[in-house]
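Everything below concerns the one structure shown next.
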Amino acid sequence: MSVVRRGVVAAALIPLVVLAGCTSAGDEPTAEPSATVTALADLATDDVAVVRGDFCARVSPQEVEEALGGAATDTTDATTWSNGDRARVADGVRDVVHEFGCAWTTDVNTARAWVFAPPVTGRQAHRLGRAAVRGDGCERVPDAERFGAHSLAVVCRAAGEATTTYHGLFGDAWLSCSLTGADLARTDRWCAAVLQAGRAA
Numbered sequence: 000m001s002v003v004r005r006g007v008v009a010a011a012l013i014p015l016v017v018l019a020g021c022t023s024a025g026d027e028p029t030a031e032p033s034a035t036v037t038a039l040a041d042l043a044t045d046d047v048a049v050v051r052g053d054f055c056a057r058v059s060p061q062e063v064e065e066a067l068g069g070a071a072t073d074t075t076d077a078t079t080w081s082n083g084d085r086a087r088v089a090d091g092v093r094d095v096v097h098e099f100g101c102a103w104t105t106d107v108n109t110a111r112a113w114v115f116a117p118p119v120t121g122r123q124a125h126r127l128g129r130a131a132v133r134g135d136g137c138e139r140v141p142d143a144e145r146f147g148a149h150s151l152a153v154v155c156r157a158a159g160e161a162t163t164t165y166h167g168l169f170g171d172a173w174l175s176c177s178l179t180g181a182d183l184a185r186t187d188r189w190c191a192a193v194l195q196a197g198r199a200a
């Protein structure tokens, strides 16, 4: 999630955070890297089940490189976080998170993916979507490919950068993926790779 938008949706997360301590993340995916998928249109996203657990090891290096627009180098900053970790949620702000996620950052682009640890209902997903669109400098992307139930794609512009994010509900798993400094087509392909990595066995 872009740093700018994490603070915007924080209020929508409050009812979900209290659930994290009493719910199971379910069966986690194996550590096998996911197969390459061309785009979200190649997937029947409404029928995909996603785990609420650590999936980042299944995102292949090739898919990360494609998302970032080139091969990862020693300067690529890779970060992962898990439910209960303290992580950056806004500029200069760190807090306990209730999600599993990862990010890869270069001097030009940032690719992120995360899934909420607590289960999310359809009503909560609708509220989260509305909060995402209400962020400063954010607007919904029309005609974006579906990304599960309550699907939406949002582009947010801040400090001369544009971050495109897909959000969607897969069963009770709220999955998100984003790219900074990339066009919609490349973000679509990145999110297809993330969805394949996070799908339940």
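Read in order, the letters of the sequence shown correspond to residues 0 to 200 in numbering that gives the first Met the number 0.
Every residue gets a Cβ at the ideal spot worked out from N, C-alpha and C, and that includes glycine.
No experiment lies behind these values; they were computed from the predicted model shown.
8 Å Cβ cutoff met for residue i and residue j
i           : j           : result
residue 192 : residue 50  : no
residue 148 : residue 45  : yes
residue 167 : residue 174 : yes
residue 132 : residue 103 : no
residue 101 : residue 86  : no
Cross-strand partners of residue i (DSSP beta bridge)
i           : result
residue 102 : 78, 111
residue 146 : The partner list for residue 146 (beta bridge, DSSP) is empty, contrary to what the question assumes.
residue 138 : 154
residue 201 : Residue coverage of the chain in this structure runs from 0 to 200, which leaves residue 201 outside it and unanswerable.
residue 94  : 86
residue 177 : 111, 164
residue 198 : 49
Cα-Cα separation between residue i and residue j, rounded to whole angstroms
i           : j           : result
residue 39  : residue 163 : 15 Å
residue 110 : residue 170 : 24 Å
residue 124 : residue 69  : 34 Å
residue 93  : residue 79  : 14 Å
residue 238 : residue 190 : Because the chain in this structure spans residues 0 to 200, residue 238 falls outside the shown range and cannot be described.
residue 145 : residue 153 : 12 Å
residue 91  : residue 98  : 19 Å
residue 76  : residue 116 : 24 Å
residue 107 : residue 143 : 24 Å
residue 160 : residue 188 : 20 Å
residue 118 : residue 105 : 32 Å
residue 23  : residue 151 : For residue 23, the pLDDT reaches just 38, beneath the cut-off of 50, and the residue's location in the model is therefore unreliable, although a value from the coordinates is still provided. When rounded, the distance between both Cα atoms is 26 Å.
residue 177 : residue 137 : 13 Å
residue 140 : residue 84  : 31 Å
residue 5   : residue 129 : Residue placement at residue 5 is flagged as unreliable, the pLDDT there being 44, under the threshold of 50; the coordinate-derived value follows with that caveat. Cα-Cα distance, rounded: 13 Å.
residue 96  : residue 41  : 32 Å
residue 120 : residue 186 : 25 Å
residue 81  : residue 53  : 7 Å
residue 67  : residue 182 : 11 Å
Assumed close pair residue i, residue j - CB separation to whole angstroms, cut-off 8 Å
i           : j           : result
residue 114 : residue 184 : So it is not a contact: roughly 23 Å between Cβ atoms.
residue 198 : residue 48  : 6 Å
Proximity test, residue i beta-carbon vs the ligand SAH heavy atom, cut-off 7 Å
i           : result
residue 162 : Ligands are entirely absent from the displayed structure, and the ligand SAH is therefore not among its contents.
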